[in-house]
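K.L.:
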Amino acid sequence: MALVFAGVCSHAPGIVGRAEQAEPAAKKRLYDAFDDLRLQLEASKPDVLIVVAAEHFANFFMNNMPSFAMGMADYYEGPIENPDWLGIERTRIPGNRSLSERLISKVMERSDVSYAEEWKFDHGIMVPLHFLTPNYDLPVIPANINCQGPPLAPLHRAWKFGQALGEAAEAVSERVALIGTGGISHWPATPDSGKINEEWDRQFLDQWSRCDKEAMLSYSDAESYLEAGQGAFEIRTFVAISGATEGKLGTVHFYEPIPIFAVGCTTATVNL
Amino acid sequence: MVSLYYVQKFLFELNRDPEFQSRYTADRHASLSGFDLSHEEKRALVEPDIGLLFHLGVNGQILMHFAAFHSIEWQDYLQQMRDGLEDHGPVREGVYAVTGYEGVAAHTSRLGQTENTVGGR
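Taken in sequence, the protein lines are chains A and B.
Each residue of the first sequence is one higher than the last, beginning at 1 in this note's numbering.
Each residue of the second sequence is one higher than the last, beginning at 1001 in this note's numbering.
#1: Could you check the C-alpha separation between V4/A and D1076/B for me, to the nearest Å?
#2: What residue ranges within the region 1057 to 1111 of chain B form continuous alpha helix (DSSP H) runs of no fewer than 4 residues, ordered along the chain?
#3: Is it buried or exposed for M1/A, if we count other Cβ within 10 angstroms and need 16 for buried?
#4: For I93/A, which residues of its own chain have a beta-carbon under 6 Å away from its beta-carbon, when the five flanking residues on both sides are left out?
#5: Verify whether the separation of the beta carbon atoms of R347/A and L132/A is less than 8 Å.
#6: Anything in the region 56 to 87 of chain A with a Cβ closer than 8 Å to a Cβ of chain B? List those residues in chain order, please.
#7: DSSP three-state label for P79/A, please.
#8: Which bits of chain A does S1122/B rub up against, with CB to CB less than 8 Å?
#9: What residue range is occupied by the uninterrupted alpha helix (DSSP H) comprising P128/A?
#10: Are the C-beta of Q148/A and some C-beta of chain B separated by less than 8 Å?
#11: For the region 1040 to 1055 of chain B, list every residue whose C-beta sits within 9 Å of some C-beta in chain A, in sequence order.
#12: May I ask you to report which of helix, strand or coil DSSP gives M65/A?
#13: List the residues of chain A that A1026/B touches, going by C-beta distances under 8 Å, in chain order.
#14: To the nearest angstrom, how far is it from the Cα of K248/A to the Cα of A6/A?
#15: Please check the pair M65/A and P142/A, which I expect to be a contact at CB under 8 Å, by giving their CB distance rounded to whole angstroms.
#16: Does the beta carbon of I260/A sit closer than 8 Å to a beta carbon anywhere in chain B?
#17: For E42/A, would you say it is in contact with chain B, using Cβ-to-Cβ distances shorter than 8 Å as the test?
#18: So T245/A contacts chain B; which residues on that side make the cut at Cβ distance below 9 Å?
#19: For N146/A, count neighbouring C-beta atoms within 10 Å of its own C-beta (all shown protein chains included) and say buried if the count is 16 or more, exposed if not.
#20: Looking at G1084/B and L1004/B, is the spacing between their C-beta atoms short of 8 Å?
#21: Taking buried to mean at least 16 other C-beta atoms within 10 Å of its own C-beta, is K28/A buried or exposed?
#22: Since F68/A and A153/A are thought to touch, with beta carbons under 8 Å apart, how far apart are those beta carbons, to the nearest angstrom?
#23: With a threshold of 8 Å between beta-carbons, can G182/A be considered close to chain B, or not?
#24: Select from M1064/B, A1106/B, K1009/B, D1027/B the residue whose C-alpha is nearest the C-alpha of E1041/B.
#25: Touching or not, the region 184 to 199 of chain A and the region 215 to 233 of chain A, by the rule of three or more beta carbon pairs under 8 Å?
#26: What would DSSP say about V1046/B, mapped onto helix, strand or coil?
#27: Extract the residue ranges of the alpha helix (DSSP H) inside the region 8 to 51 of chain A, only unbroken runs of 4 or more that lie entirely within it.
#28: Give me the Cα-Cα distance between D1087/B and S10/A, rounded to the nearest whole angstrom.
#29: Does any residue of chain A bring its CB to less than 8 Å from the CB of H1029/B?
#30: Comparing C-alpha positions only, which one of F121/A, L99/A, N59/A, E199/A sits nearest to A168/A?
#31: Can you grab the Cα-Cα spacing for the pair L1014/B / V127/A, in whole Å?
#32: With 16 other CB atoms within 10 Å as the buried threshold, where does P1018/B fall?
#33: Can you confirm whether the region 1061 to 1069 of chain B touches the region 1029 to 1040 of chain B when touching is taken to mean that 3 or more C-beta pairs between the two stretches lie within less than 8 Å?
#34: Check the Cβ of H1088/B against every Cβ in chain A and list those closer than 9 Å, keeping chain order.
#35: So, are the CB atoms of A22/A and I196/A less than 8 Å apart?
#36: Is it buried or exposed, S193/A, if we count other Cβ atoms within 10 angstroms and call 16 or more buried?
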């Protein structure tokens, strides 16, 4: 059936791991936004949540780097990071191997995708789950777009991967929710960590909310790198969600630069 | 010889594998066996020298997880990278060029988030 929920959110590790270092009011605004996003997700009564992530070398490395990959297991584990550093306990997250296999088979009709029968989650998935499924009681299917180790698949292929995901969701009977997680402009894990190009972010989010395919696919990595940092390569996750919900408008519920979290913190949903 | 690929491969495997982490903790030098590394790279991985690893071009996401494993506090991690650039020069290769930034504290204040307890530069 058609997707029951689609959205995007930030996943920066500092959102949880450095929570006490933020201005309390700014932190509360973001946490409230995540809580609203959780309520919207729960109201859609999903059977599964596909997380389109931009992992940071938790599973995939330059010895064998897939542009697109999906998990196909009955459970996953995370976080790989020091739990004290991330502020999230290590745990087991339920998956759904059968459903993964059906979805992946369908995605393969339109897009090349690797599958993985084991997958360790890093902050890119654990931070969103920490807020959206805090009891880890909703089966999750991880999907990854390589946004870290160039060469990276171009944006139009991220769009097509999202399209394939959307079509695959329609082909199964389960109620599928979809969330893309990534940063917009940011310079994570560098001495420039905390730098945010708010103007660039707001322009991209405006394009995303209007599902402006031409505008979103016109970004080049070289320009994004200069204006929005290497973290902006992760807009591929946002683009994939738009591809999965082509023609549908989105609503940005929250956007605020919070430097200690190292990203313009965002929550948004597609009006399905 | 510079072998950024194997430096990052070592860190990738260490970051995600608790058993490998135990071996590293027990004998850091021995855990390097099997990776094609220069003397300088081995030293940086064993100490660890975060600044040198950043200068060599280690992807920040890989390096961040490694620093977290060593329980290096966030502001110290950022400072060690800055010190590495000061001591060794700009990042040699990779996508982690430094572009200049006013710092978290000044930025936070400029945004009006004035009640923070950030100790950043």
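Glycine included, each C-beta is placed from N, C-alpha and C at the ideal position.
The structure presented is a predicted model; accordingly, all values stated were derived computationally and were not measured.
P.N.:
According to the structure shown:
#1: 44 Å
#2: 1060 to 1069, 1074 to 1088, 1104 to 1110
#3: exposed
#4: Correct list, in chain order: Y76, Y136, V140.
#5: Chain A is shown only over 1 to 272; residue 347/A falls outside these bounds and no answer can be derived.
#6: H56, F57, A58, N59, F61, M62, N63, I80, E81, N82, D84, W85, L86
#7: coil
#8: Nothing can be reported for residue 1122/B: it is not among the residues displayed for chain B, which extend from 1001 to 1121.
#9: 123 to 132
#10: Chain B contact via Cβ: present.
#11: F1054
#12: coil
#13: Residues of chain A passing the Cβ test: none, with the nearest at roughly 18 Å.
#14: 10 Å
#15: That pair is no contact at about 16 Å.
#16: yes
#17: Contact of E42/A with chain B is not assigned, every C-beta pair being separated by 8 Å or more.
#18: Neighbours of T245/A on chain B: none; closest Cβ ~28 Å, over 9 Å.
#19: Around the beta carbon of N146/A, 16 or more other beta carbons lie within 10 angstroms, which makes this residue buried.
#20: Taking 8 Å as the Cβ cut-off, L1004/B and G1084/B do not qualify as a contacting pair.
#21: exposed
#22: With 8 Å as the limit, F68/A and A153/A qualify as a contact, their Cβ atoms being about 7 Å apart.
#23: With 8 Å as the cut-off, G182/A does not count as an interface residue toward chain B.
#24: K1009/B
#25: Yes, the region 184 to 199 of chain A is in contact with the region 215 to 233 of chain A.
#26: helix
#27: 14 to 17, 24 to 43
#28: 34 Å
#29: Closer than 8 Å: no.
#30: L99/A
#31: Rounded to whole angstroms, L1014/B to V127/A spans 21 Å at the Cα level.
#32: exposed
#33: no
#34: Near H1088/B there are no residues of chain A at all, since even the closest Cβ is about 13 Å away, more than 9 Å.
#35: no
#36: buried
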